[in-house]
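Undergrad:
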Amino acid sequence: MSLKRQRLMKPPLLLIPISLIQSNQSINHLLPKTRNPNFSASKSPMSSVSSQQQFRYTQTPSKVLHLRNLPWECTEEELIELGKPFGTVVNTKCNVGANKNQAFIEFEDLNQAIQMISFYASSSEPAQVRGKTVYLQYSNRQEIVNNKTAADVVGNVLLVTVEGEDARMVSIDVLHLVFSAFGFVHKITTFEKTAGYQALVQFSDAETATSARTSLDGRSIPSYLLPEEVSQCSLKITYSAHTDLTVKFQSHRSRDYTNPYLPVAPSAIDSTGQVIVGVDGRKMEPESNVLLASIENMQYAVTLDVLHTVFVAFGAVQKIAMFDKNGGVQALIQYPDVQTAVVAKGALEGHCIYEGGFCKLHITYSRHTDLSIKVNNDRSRDYTMPDAAVAMAPQPSHNPYPGNSQQYHAAGASHYQQQQHQQPQGGWGQQSGGQGHDPYMAAPSMHQGPGGHMPPHHYGGGPSGPMH
DNA sequence: AGCACA
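Each residue of the first sequence is one higher than the last, beginning at 96 in our numbering.
#1: Applying the 10 Å Cβ sphere with the 16-neighbour rule, what's the burial state of F298?
#2: So is Q293 buried or exposed if we call it buried at 16+ other beta carbons inside 10 Å?
#3: L456 lies in the beta strand (DSSP E); which residues open and close that run?
#4: Just to confirm before moving on: does the CB-CB distance between V191 and F202 stay below 8 Å?
#5: Going by DSSP, what residue range makes up the beta strand (DSSP E) through R476?
#6: From R225, Q429, E172, pick the residue whose C-alpha is nearest to that of S461; which is it?
#7: Name the two residues that bound the continuous alpha helix (DSSP H) containing Q297.
#8: Should the stretch 449-459 be called in touch with the stretch 384-400, which here means at least 3 C-beta pairs below 8 Å?
#9: Tell me, to the nearest whole angstrom, how far the beta carbon of T284 is from that of L340; I am working on the premise that it is less than 8 Å.
#10: Relative to the alpha-carbon of L165, which residue among A245, D312, Q197 has its alpha-carbon at the smallest distance?
#11: With distances taken from CA atoms, which of C169, Y449, N384 is nearest T228?
#12: Which residue marks the beginning of the alpha helix (DSSP H) containing Y319, and which one marks its end?
#13: At the level of alpha carbons, what is the spacing between G267 and D261?
#14: What is the residue span of the alpha helix (DSSP H) that R308 lies within?
#15: For Y230, list the residues DSSP reports as bridge partners.
#16: Less than 8 Å between C-beta atoms, sequence neighbours within five positions excluded: which residues of the same chain meet that for E323?
#17: Considering Cα atoms alone, identify which of T256, Q154, T244 is closest to N186.
#18: Taking only the alpha-carbon atoms, compute the straight-line gap between Q345 and V359 and give it to the nearest angstrom.
#19: Spell out the partners DSSP gives C447 in its beta bridges.
#20: Which one or two residues does DSSP pair with I415 in a beta bridge?
#21: Once you ignore the five residues that flank Y478 on each side, which residues in its own chain have a CB closer than 7 Å to its CB?
#22: Within 10 angstroms of its Cβ, does S135 collect 16 or more other Cβ (buried), or is it exposed?
#23: The alpha helix (DSSP H) spanning N206 covers which residue range?
#24: Once DSSP output is grouped into helix, strand and coil, what is the label at K282?
#25: Rounded to whole angstroms, what is the Cα-Cα separation between L427 and Y395?
#26: Pull up the distance between the alpha-carbon of S383 and that of V437, whole angstroms please.
#27: Taking T256 as part of the beta strand (DSSP E), name the residues at either end of that continuous run.
#28: Can you tell me where the beta strand (DSSP E) holding E201 begins and where it ends?
#29: So what's T183 in DSSP terms, helix, strand or just coil?
#30: At a cut of 8 Å, does the stretch 431-446 reach the stretch 398-410 through at least three beta carbon pairs?
#31: Please identify the residue among L443, A216, R348 whose C-alpha is closest to the C-alpha of L270.
#32: Would you mind giving the Cβ-Cβ distance between R308 and L253, rounded to the nearest angstrom? I have them listed as a contact below 8 Å.
#33: According to DSSP, is D351 part of a helix, a strand, or is it coil?
#34: Assuming V385 is part of the beta strand (DSSP E), what are its boundary residues?
#35: Would you call F181 buried or exposed, if buried means 16 or more other Cβ atoms sit within 10 Å of its Cβ?
As structure tokens, this is what we get:
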């Protein structure tokens with residue numbers, strides 16, 4: 096009776112799905128008539144159920160269906176699967192509500208939504224996702240609004256927000272290093288928005304981007320990748336709507352690792368050729384002619400001479416000081432100029448001195464500009480001192496680069512050129528452009544160029560590796 | 001288990 100009134104009250108009678116009537120009938124079948132002959136919906140203690148049914152009947156059909164009691168973080172794919180038998184799902188919105196267990200699906204056509212409601216209203220099998228019963232009803236809205244933001248659309252470019260007090264201290268190089276663990280990073284741009292310090296990181300494909308996003312979203316950048324005194328920085332990662340970033344110059348704001356010959360931004364170079372511009376025009380992680388190298392996974396002894404051999408490949412090494420810190424070995428390596436240090440850092444950062452992931456270098460710029468070497472010994476050396484060569488005389492037998500140990504020359508640039516041809520020795524040298532085809536090495540004038548085209552496969556240990 | 005603000 097009340098049902099009849101409901102129906103009469105609805106002018107667009109034809110829009111009320113027949114199934115609702117069927118639903119009512121099937122509910123009638125289920126009513127405990129035999130046990131409770133006096134049962135009636137209006138008088139029953141189950142009036143709440145009754146009002147629920149009432150609620151359902153008052154729902155105006157919509158091609159949008161509201162689903163609830165979904166399993167946690169139900170995916171769009173699962174929703175589409177659920178709706179597919181009844182029509183074309185043109186839009187979804189999942190993870191709705193505080194518990195993220197509600198969702199909306201929008202059909203192409205109203206009748207398809209009616210079909211789905213009708214079917215499950217009369218079906219003995221409830222709608223299910225992952226074996227969990229899902230409750231369906233017409234949404235009280237006629238379309239899903241703004242379901243997908245760019246952040247939800249899978250793509251090959253990630254929008255990375257660096258969060259933390261010192262977020263701006265995270266250099267583009269560190270970002271490159273972190274994301275390279277998942278695949279070749281084509282381009283990175285950084286910028287400042289209200290959301291804070293952000294970066295767009297472009298991968299070859301959406302799959303790679305997704306693996307990076309999955310592994311890194313919400314994680315913190317390892318502290319050893321950050322300059323000293325920089326507090327925790329975490330990454331929030333979504334997808335970007337971009338598919339191909341435009342990078343005009345290599346700079347501290349943007350890099351194109353697919354094009355190492357791209358000119359360095361004029362604004363990023365001062366009269367001495369030093370890169371001075373940081374993110375947002377500020378000088379971040381100030382470059383220095385002195386590098387701080389920490390050595391991870393030091394399975395083999397890394398001696399002063401080994402370090403000298405490694406770092407002299409990029410230019411004259413003036414001084415080296417080794418010391419123990421945090422249970423590991425660190426070293427300060429002093430070059431005559433910042434450019435050389437930049438080149439060395441870009442080429443060596445994250446790479447291993449020995450094959451097999453042994454003695455991996457993590458390099459930052461030191462605050463020092465001139466080391467004070469009090470004594471030449473096995474931990475510290477001033478190669479600019481006249482007697483340095485004498486002090487260097489005893490060579491450790493395990494020095495893997497015995498032929499290189501006398502390579503120090505006072506000259507700067509000419510020495511740099513010269514070293515390019517002597518450099519390809521040992522494990523890391525094979526990767527760092529030893530064949531001479533490495534455009535980075537071939538073009539020393541690109542002093543701020545990307546460290547990016549060095550294969551990152553010695554870094555990090557893959558997607559599950561570098562982050563903690 | 002009951003309607004979304006990204």
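Ideal Cβ positions, reconstructed from N, Cα and C, are used throughout, including at glycine.
TA: Working from what's here:
#1: A residue is called buried once 16 or more other Cβ atoms fall within 10 Å of its Cβ, and F298 is buried on that count.
#2: Q293 comes out buried.
#3: Where L456 is concerned, the enclosing beta strand (DSSP E) stretches over 453-460.
#4: No. Outside cutoff.
#5: Where R476 is concerned, the enclosing beta strand (DSSP E) stretches over 475-477.
#6: Measuring from the Cα of S461, the nearest candidate turns out to be Q429.
#7: Looking at the DSSP string, Q297 is not in any alpha helix (DSSP H); the run it does join, the beta strand (DSSP E), is 291-298.
#8: Three or more pairs of CB atoms, one per stretch, sit closer than 8 Å, so the stretch 449-459 contacts the stretch 384-400.
#9: Confirmed, Cβ separation roughly 5 Å.
#10: When C-alpha distances from L165 are compared across A245, D312, Q197, the shortest belongs to Q197.
#11: Comparing C-alpha distances from T228 to each of C169, Y449, N384 shows the shortest one belongs to C169.
#12: Here Y319 belongs to no alpha helix (DSSP H), and DSSP marks it neither H nor E.
#13: The question names Gly, yet the displayed sequence has Ile at residue 267. Distance between the alpha carbons of I267 and D261: 14 Å.
#14: Here the alpha helix (DSSP H) through R308 covers 301-311.
#15: Residue pairing by DSSP puts Y230 in a beta bridge opposite R163.
#16: Apart from sequence neighbours up to five positions away, the residues of its chain that approach E323 with a beta-carbon distance below 8 Å are L387, T459, R462, ordered along the chain.
#17: Minimum Cα distance to N186 is reached at T244.
#18: Their Cα atoms are separated by approximately 5 Å.
#19: Answer by DSSP bridge pairing, in chain order: K455.
#20: Per DSSP, I428, R476.
#21: Excluding positions up to five away in sequence, the list reads V412, Q413, K414, Y503.
#22: In this prediction, S135 scores a pLDDT of 38, lower than 50, which makes its location untrustworthy; the coordinate-derived value is nonetheless stated afterwards. With fewer than 16 other Cβ atoms from the protein chains shown falling within 10 Å of its own Cβ, S135 counts as exposed.
#23: Counting along the chain, the alpha helix (DSSP H) containing N206 begins and ends at 205-217.
#24: Three-state result, K282: strand.
#25: Taking the straight line from one Cα to the other gives about 19 Å.
#26: One Cα belongs to S383, the other to V437, and the distance between them is close to 8 Å.
#27: 252-258 is the span of the beta strand (DSSP E), which, as asked, contains T256.
#28: For E201, the uninterrupted beta strand (DSSP E) segment begins and ends at 197-202.
#29: Coil.
#30: At 8 Å Cβ cutoff, the stretches touch.
#31: Taking the Cα of L270 as reference, the smallest distance to any Cα among L443, A216, R348 is reached at R348.
#32: With a Cβ gap of about 6 Å, R308 and L253 count as contacting.
#33: Reduced to three states, the DSSP call for D351 is strand.
#34: Looking at the DSSP string, the run of the beta strand (DSSP E) that includes V385 is 385-391.
#35: Residue environment for F181: buried (at least 16 other C-beta atoms within 10 angstroms of its C-beta).
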